[in-house]
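Trainee: Same order as they appear, the protein sequences are chains C and U.
Here the first sequence is numbered in UniProt numbering, starting from 1 and rising by one per residue.
Here the second sequence is numbered in UniProt numbering, starting from 1 and rising by one per residue.
2 protein chains.
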Amino acid sequence: MNTTIYDVAREAGVSMATVSRVVNGNPNVKPATRKKVLDAIEGLGYRPNAVARGLASKKTTTVGVIIPDISSIFFAELARGIEDIATMYKYNIILCNSDQNKEKELHLINTMLEKQVDGILFMGGEITEDHAETFKRSSVPVVLAATLDENREMPSVNIDYHQAAFDAVAELIRSGSENVGMVSGPLEDPVNGFQKFSGYKKACEEIGNGFDENLVAVGDYSYDSGLEAAQQLMELDKAPSAIFAATDEVALGVIHGLQDKGWNVPEDVQVVGFDNTRLAQMVRPTLTTVVQPMYDIGAVSMRLLTKYMNKEDVEDEVVVLPHLLENRNSTSF
Amino acid sequence: MNTTIYDVAREAGVSMATVSRVVNGNPNVKPATRKKVLDAIEGLGYRPNAVARGLASKKTTTVGVIIPDISSIFFAELARGIEDIATMYKYNIILCNSDQNKEKELHLINTMLEKQVDGILFMGGEITEDHAETFKRSSVPVVLAATLDENREMPSVNIDYHQAAFDAVAELIRSGSENVGMVSGPLEDPVNGFQKFSGYKKACEEIGNGFDENLVAVGDYSYDSGLEAAQQLMELDKAPSAIFAATDEVALGVIHGLQDKGWNVPEDVQVVGFDNTRLAQMVRPTLTTVVQPMYDIGAVSMRLLTKYMNKEDVEDEVVVLPHLLENRNSTSF
DNA sequence: GTGAAAGCGCTAACAC
DNA sequence: GTGTTAGCGCTTTCAC
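(1) Could you check what DSSP says for Gln116 (chain U) in three-state terms: helix, strand or coil?
(2) Using a Cβ-Cβ cut-off of 6 angstroms (strictly less than) and excluding sequence neighbours within five positions of Glu188 (chain C), which residues of its own chain qualify?
(3) What residues of chain C sit near Gln292 (chain U), judged by a beta carbon separation below 7 angstroms?
(4) Got a sec: is the Cβ-Cβ distance from Gly54 (chain C) to anything in chain U below 7 angstroms?
(5) Spell out whether any CB of chain U is found under 7 angstroms from the CB atom of Ile93 (chain C).
(6) Measuring CA to CA, which of U:Gly181, U:Leu227, U:Tyr221 is closest to Asn209 (chain U)?
(7) Do you know how far the Cα of Val143 (chain U) is from the Cα of Asp260 (chain C)?
(8) Please report the residue range of the alpha helix (DSSP H) in which Leu172 (chain U) lies.
(9) Answer yes if the segment 166-185 of chain U comes into contact with the segment 264-272 of chain U, meaning at least three C-beta pairs across the two stretches below 8 angstroms, and no otherwise.
(10) Counting only the same chain and skipping the five closest in sequence on each side, list residues whose C-beta sits under 7 angstroms from that of Thr3 (chain U).
(11) Just to confirm my understanding: we take Ser15 (chain U), look at its own chain, exclude 5 residues before and 5 after, and list those with CB closer than 8 angstroms. What are they?
(12) Is Ala146 (chain C) helix, strand or coil when you go by DSSP?
(13) Measuring alpha carbon to alpha carbon, tell me which of C:Val63, C:Ile85, C:Thr128 ends up nearest Asp115 (chain C).
(14) Mind checking whether Tyr221 (chain C) and Gln195 (chain C) have CB atoms under 7 angstroms apart?
(15) Roughly how many whole angstroms lie between the Cα atoms of Asn97 (chain C) and Ile66 (chain C)?
(16) May I have a chain-ordered list of the beta strand (DSSP E) segments no shorter than 3 residues that lie completely inside the segment 44-113 of chain U?
(17) With DSSP as the reference, identify every bridge partner of Ile243 (chain U), one or two as the case may be.
(18) Give me the subset of the segment 120-145 of chain U whose CB atoms are less than 9 angstroms from a CB atom of chain C, sorted by chain position.
(19) Would Asp275 (chain C) and Asp248 (chain C) qualify as a contact pair, given that the criterion is a beta-carbon distance under 7 angstroms?
(20) List, in order along the chain, the chain C residues whose C-beta lies closer than 8 angstroms to that of Arg21 (chain U)?
(21) Taking all protein chains shown into account, decide if Lys35 (chain U) is buried (16 or more other Cβ within 10 angstroms of its Cβ) or exposed.
(22) Kindly say whether Leu305 (chain U), judged by its beta-carbon, lies nearer than 7 angstroms to any beta-carbon of chain C.
(23) Report the rounded CA-to-CA distance for Asn214 (chain C) versus Tyr295 (chain C), giving the unit in angstroms.
(24) Glu228 (chain C) lies in the alpha helix (DSSP H); which residues open and close that run?
(25) What did DSSP end up calling Thr289 (chain U) once you bin it into helix, strand or coil?
(26) Listed in chain order, which residues of the segment 68-80 of chain C have Cβ atoms closer than 8 angstroms to some Cβ of chain U?
(27) According to DSSP, simplified to helix, strand and coil, what is residue 369 (chain U)?
(28) Could you give the distance in angstroms between the alpha-carbon of Lys238 (chain C) and the alpha-carbon of Cys204 (chain C)?
(29) Along the segment 94-109 of chain C, what residues have a CB closer than 8 angstroms to any CB found in chain U?
(30) What are the residues that DSSP puts in a beta bridge with Phe122 (chain C)?
(31) Listed in chain order, which residues of the UniProt domain "HTH lacI-type" (3-57) of chain C have Cβ atoms closer than 7 angstroms to some Cβ of chain U?
(32) So Leu258 (chain U) is in the alpha helix (DSSP H); what residue range does that whole segment cover?
(33) Confirm, please, whether the CB-CB distance from Leu95 (chain U) to Ile93 (chain C) is below 7 angstroms.
(34) According to the Cβ coordinates, are Leu324 (chain U) and Val291 (chain U) closer than 7 angstroms?
(35) Per DSSP, what kind of secondary structure is Val157 (chain U) in: helix, strand or coil?
(36) Classify Tyr6 (chain C) as buried or exposed, calling it buried when 16 or more other Cβ atoms lie within 10 Å of its own Cβ.
Here it is in structure tokens:
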């Protein structure tokens, strides 16, 4: 049998209400009484039961985190930001992988709600009607991290992916690369697919020689898909002199795909990645990439969530963090 | 107000015990009654409260996971194995980063126990007396993953780090490399420091020309420390013709440190890493490395934990998974 | 400043 | 098969 608040009360010769006050730091306790209680707690090795507390107080100090894949270097970094801030505000995290699978996501949201989490941090691909519906029915606040809600009606933390992609490609064009190719994520993916692609396309149209769909290869975010895409793009009659990759991992694949076929980076082909994961510095030449502040997105979104959970006023429901282009050696500008 | 089991009972015209039976899949319910209850649940949008259930049943179907750093590519992969198996057995995971800080670790264990987790999966550095003490006092099972307990009295899942290091270095020596250098983790770290170092040392003594401490650089697991260590080792009069790195990330640093100074891998210097993270294939030349089955270690340790939580019989408390050397292009054997 | 007592929403005997 | 009832360990009024 574990020792309960009642055991402590008896040992200290007070009521359980008083023990509860001491445990919760309520100031309305005489110092002498407090000491008696503290001694009893110490002596009995009492440890409060958070489940009972959760039932009585309707607060669990736990938040649910739904993430596509914790083994992805990108999301792992985000998760670290989330967890650090959660810890800072005394919350714990229930972490689940969704693989961006809609059924799983919906199921997980329900599981977290059953577990009475005080809030949910959601990372995923598309926010469908079903998602929106489920979130709206949720009794606790939900914040999106690195995830777009097209209707912009949910709190979220992102960078401007479209603009970031545009900026990167524009820089490539201005530096003299006539045809810029792209290795995109699946176009259904709002962030890694659509947004980045549309930024790329806009830059080609407005600053470059126009958009040519042959210059776009669609990969699956993996290193290998970058490897293949690069070689495929270089076989084009009008082979690109620069390639914009949707993620750093893909960009590394691109660089190596190029090098394996004897092309030089950046002399023959410039390469730009996206995210600025640690990978960007672990390749030769080092990778020029769009900086997406992953840790910060995690941290800011968790902070935002704590505000909602505390019912504080929130000025910016939709926060857009700044991005920038980190210039390294895979480009010649 | 959320709808409770009592509301469902009234709506369906049965007792709450019956509703509980239906919700928990107890077969002792007449199909007609079951249907009435299910309809009521559906109609009211009832969602069971896991906290109340946890309090009443003394089971939370939640396990605590203490991990040094989720943003590390190694631990992230482990975590994924853990979470997948947890999901399979209907457990959720509370994930916390410890940074291998002893105070944090001890504190986290307590927090998880307060939250009434059904078990704990621990990853860390050293298991001190205090750790052992705390674990022993724990009312729930604890399993170590990729973490050594020198007294071998706790359930754990690992590979044989000493032997794996020995094997890698022996192969290097047999392939003709006279002096093999090493970039180790801090020697206080039982796994990445001591075990791997001692395997290296033994191979030098038994198969090579003996051990020379000048050939060992101590880094901090980072890419940059590999970069520096490589350049430092190559300045030795007796520069190594092969370098064994304690982790893949360090090995990438070593390769690039070498290349940046004009050395060729593997012609001038062979390089072997450890872990077989995805990084090993994202470098040129691709990295020969010791395969540590990270996902499997996570998965197996979680499976082991479920057995303890179910009070099943466990034959192997200390499991040692096989390792092997994955031969790629950073070596010439 | 402290205590008594009523829940929180559910499970688990036990009775019928 | 189904209902009754007593907790699980705590928070939270409300008295005193």
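Ideal Cβ positions, reconstructed from N, Cα and C, are used throughout, including at glycine.
Mentor: Reading off the structure:
(1) Your numbering for residue 116 (chain U) matches position 116 in the second sequence. Three-state result, Gln116 (chain U): coil.
(2) Against the first sequence, residue 188 (chain C) aligns to sequence position 188. Once the five neighbours on either side are set aside, Glu188 (chain C) has no close Cβ partner at all.
(3) Here the question's residue 292 (chain U) lines up with position 292 in the second sequence. Neighbours of Gln292 (chain U) on chain C: none; closest Cβ ~15 angstroms, over 7 angstroms.
(4) In the first sequence, the residue the question calls residue 54 (chain C) occupies position 54. Interface residue, yes.
(5) As a position in the first sequence, residue 93 (chain C) is number 93, starting the count at 1. True, the Cβ-Cβ gap to chain U drops below 7 angstroms.
(6) Working through the second sequence from its first residue, we reach residue 209 (chain U) at position 209. That would be U:Gly181, whose Cα lies nearest to the Cα of Asn209 (chain U).
(7) Sequence index remark: in the first sequence, residue 260 (chain C) carries index 260 (1-based). Sequence index remark: in the second sequence, residue 143 (chain U) carries index 143 (1-based). Using only the alpha carbons, I get a separation of about 44 angstroms.
(8) As a position in the second sequence, residue 172 (chain U) is number 172, starting the count at 1. Annotation: the continuous alpha helix (DSSP H) that includes Leu172 (chain U) extends over 161-174.
(9) yes
(10) Residue mapping note: residue 3 (chain U) aligns to position 3 of the second sequence, counting from 1. Taken in chain order, the residues that qualify are Leu44, Gly45, Tyr46.
(11) Along the second sequence, read from residue 1 onward, the residue named residue 15 (chain U) stands at position 15. Taken in chain order, the residues that qualify are Ala9.
(12) Start at 1 with the first residue of the first sequence, and residue 146 (chain C) comes out as number 146. In the structure shown, Ala146 (chain C) sits in coil (DSSP, three-state: anything other than H, G, I, E or B).
(13) Within the first sequence, numbered from 1, the residue matching residue 115 (chain C) stands at position 115. Strictly speaking, residue 115 (chain C) in this sequence is Lys, with Asp absent from that position. Measuring from the Cα of Lys115 (chain C), the nearest candidate turns out to be C:Val63.
(14) By one-based count along the first sequence, residue 221 (chain C) stands at place 221. By one-based count along the first sequence, residue 195 (chain C) stands at place 195. Going by C-beta atoms, Tyr221 (chain C) is not nearer than 7 angstroms to Gln195 (chain C).
(15) For this step, residue 97 (chain C) is matched to residue 97 along the first sequence. For this step, residue 66 (chain C) is matched to residue 66 along the first sequence. When rounded, the distance between both Cα atoms is 6 angstroms.
(16) 62-67, 92-97
(17) Working through the second sequence from its first residue, we reach residue 243 (chain U) at position 243. In DSSP, Ile243 (chain U) forms a bridge with U:Gly181, U:Val271.
(18) Taken in chain order, the members of the segment 120-145 of chain U whose beta-carbon sits within less than 9 angstroms of a beta-carbon on chain C are Arg137, Ser139.
(19) Start at 1 with the first residue of the first sequence, and residue 275 (chain C) comes out as number 275. Start at 1 with the first residue of the first sequence, and residue 248 (chain C) comes out as number 248. Yes, these two residues count as a Cβ contact at 7 angstroms.
(20) Taking the second sequence and counting its residues from 1, the one referred to as residue 21 (chain U) is at position 21. Chain C residues near Arg21 (chain U): none, gap ~18 angstroms exceeds 8 angstroms.
(21) If you number the second sequence from 1, residue 35 (chain U) lands on position 35. So Lys35 (chain U) counts as exposed.
(22) Along the second sequence, one-based indexing puts residue 305 (chain U) at 305. No, because no Cβ of chain C sits closer than 7 angstroms to the Cβ of Leu305 (chain U).
(23) For the purposes of this step, residue 214 (chain C) is taken as the residue at position 214 of the first sequence. For the purposes of this step, residue 295 (chain C) is taken as the residue at position 295 of the first sequence. Approximately 35 angstroms, taken between the alpha carbons.
(24) Within the first sequence, the letter at position 228 stands for residue 228 (chain C). Unbroken alpha helix (DSSP H) run through Glu228 (chain C): 223-234.
(25) Residue numbering aside, residue 289 (chain U) sits at position 289 when the second sequence is read from its first letter. Secondary structure of Thr289 (chain U) (DSSP, three-state): strand.
(26) Asp69, Ile70, Ser71, Ser72, Ile73, Ala76, Glu77, Ala79, Arg80
(27) One cannot answer for residue 369 (chain U) here, as it falls past the ends of chain U, which runs 1 to 333.
(28) In the first sequence, the residue the question calls residue 238 (chain C) occupies position 238. In the first sequence, the residue the question calls residue 204 (chain C) occupies position 204. Their backbone Cα atoms lie some 15 angstroms apart in a straight line.
(29) The residues in question are Ile94, Leu95, Cys96, Asn97.
(30) Within the first sequence, numbered from 1, the residue matching residue 122 (chain C) stands at position 122. In the DSSP output, where bridge partners are listed per residue, Phe122 (chain C) has C:Ile66, C:Leu144.
(31) Listed by position along the chain: Arg47, Pro48, Asn49, Ala50, Val51, Ala52, Gly54, Leu55.
(32) Indexing the second sequence from 1 puts residue 258 (chain U) at position 258. Looking at the DSSP string, the run of the alpha helix (DSSP H) that includes Leu258 (chain U) is 248-260.
(33) Taking the first residue of the first sequence as position 1, residue 93 (chain C) is located at position 93. Taking the first residue of the second sequence as position 1, residue 95 (chain U) is located at position 95. Result yes, Cβ atoms of Ile93 (chain C) and Leu95 (chain U) sit closer than 7 angstroms.
(34) Within the second sequence, residue 324 (chain U) is the residue found at index 324, counting from 1. Within the second sequence, residue 291 (chain U) is the residue found at index 291, counting from 1. A contact, by the Cβ cut-off of 7 angstroms.
(35) For the purposes of this step, residue 157 (chain U) is taken as the residue at position 157 of the second sequence. Note: Val157 (chain U) maps to strand in three-state DSSP.
(36) As a working mapping, residue 6 (chain C) is identified with position 6 in the first sequence. Counting Cβ neighbours within 10 Å, Tyr6 (chain C) comes out exposed, since fewer than 16 surround it.
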